[in-house]
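Colleague: This is the structure I have questions about; it appears just below.
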Amino acid sequence: MNDKHQHSAKRLHQNGYNCAQAFLCSYKDELFMDEKTLFRLAEGIGRGVAGLEEMCCIPILMTMIISYLETSDGNLKVPQSKLKSYACAKCLAMDFKEKIGSLKCQDILEENKKRNNRCCTDVIQIGTKILDECLKGE
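Residues in the sequence shown are numbered from 245 upward in steps of one, following the numbering used here.
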């Protein structure tokens, strides 16, 4: 998983997908889901979940993807993997916060304005890099 997700997410975001759609759709091959389904699933959680500019959607989606691909046991009767999923998700979220400066969309947007050289596309790409490193086991 080289820079494939970064390039895909950038292209999708520049083509009008919201941040959540661009991020999630860039993992369509790994998730074995079609782009239209992922696009529809993610539509309402862009711009800080429903446009409220609260929790950034990228750490939420990273958590969903890593849980689906690696940490969840999928045991509906006796789930045993929640703590493992929480721990992995926490690491992803903290890494994101360290690199971006916040988990809150509004704070990220304000910081992007202060830094003329950073936009949401950059934030999405950083998220893909963090997730890809985790998926590779780095």
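We treat Cβ as the ideally placed atom computed from N, Cα and C, and that holds for glycine. Only a predicted model underlies this, so the values are computations on that prediction, with no experimental measurement involved.
Just to confirm, are Ile-368 and Ala-286 a CB contact at a threshold of 8 Å?
Modeller: As a position in the sequence shown, residue 368 is number 124, starting the count at 1. As a position in the sequence shown, residue 286 is number 42, starting the count at 1. Against a cut-off of 8 Å, the Cβ pair of Ala-286 and Ile-368 comes out as no contact.
Colleague: First and last residue of the alpha helix (DSSP H) that includes Met-338?
Modeller: To locate residue 338, count along the sequence shown from 1; it is residue 94. Note, Met-338: alpha helix (DSSP H), 326 to 344.
Colleague: Assuming Asn-374 contacts Asp-339 (C-beta within less than 8 Å), just tell me the rounded distance between them.
Modeller: Within the sequence shown, residue 374 is the residue found at index 130, counting from 1. Within the sequence shown, residue 339 is the residue found at index 95, counting from 1. Contrary to the premise, residue 374 reads as Ile rather than Asn in this sequence. 5 Å between Cβ atoms; contact.
Colleague: Hey, how far is the Cα of Lys-357 from the Cα of Lys-343?
Modeller: Here residue 357 is taken as the residue at index 113 of the sequence shown, counted from 1. Here residue 343 is taken as the residue at index 99 of the sequence shown, counted from 1. Distance between the alpha carbons of Lys-357 and Lys-343 is about 17 Å.
Colleague: What is the DSSP secondary structure of Met-299, reduced to helix, strand or coil?
Modeller: In the sequence shown, the residue the question calls residue 299 occupies position 55. Residue state, collapsed to three classes: strand.
Colleague: In this structure, does DSSP put Lys-248 in helix, strand or coil?
Modeller: Residue numbering aside, residue 248 sits at position 4 when the sequence shown is read from its first letter. Helix.
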